[in-house]
Amino acid sequence: MQSGMNNVFNTCFRAEFGNFNFGAAGYAAGIPAKILLMGAGRAQSRAGTSRPEWSRWYKDAPYGDDPQDQYWIEEGVKYAIENGY
1 MQSGMNNVFN
11 TCFRAEFGNF
21 NFGAAGYAAG
31 IPAKILLMGA
41 GRAQSRAGTS
51 RPEWSRWYKD
61 APYGDDPQDQ
71 YWIEEGVKYA
81 IENGY
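Mapping of the sequence shown onto the UniProt record's numbering: residues 1 to 85, in sequence order.
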């Protein structure tokens, strides 16, 4: 794989894993799933990378967050639930 493509792959994988881990660890720590999802939206809004079609962090899903990020957070929460956390 070319170096540039390798960097793109690693960046995407890290972002997905980071969101998955955020969901799993946050839920295991006792934070409700909706709060995790809203918090991610708040972070994306603060970073200035949110889009109007993603709503607002205090309104409706995906709470201002990238829907792909929300998907991986939800997968992390599901993992935590399925494994008894």
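Idealized CB from N, CA, C, for every residue including glycine. Here the structure is a predicted model, which means the values were calculated and not measured.
query	result
With E74 as the anchor, note down where its alpha helix (DSSP H) starts and where it stops.	P67 to E82
Report all residues from its chain with a CB closer than 7 Å to the CB of E82; omit the five preceding and five following residues, and keep chain order.	none
Taking only the alpha-carbon atoms, compute the straight-line gap between Y58 and R42 and give it to the nearest angstrom.	8 Å
So what does DSSP say about P62, is it helix, strand or coil?	coil
Taking all protein chains shown into account, decide if I35 is buried (16 or more other Cβ within 10 angstroms of its Cβ) or exposed.	exposed
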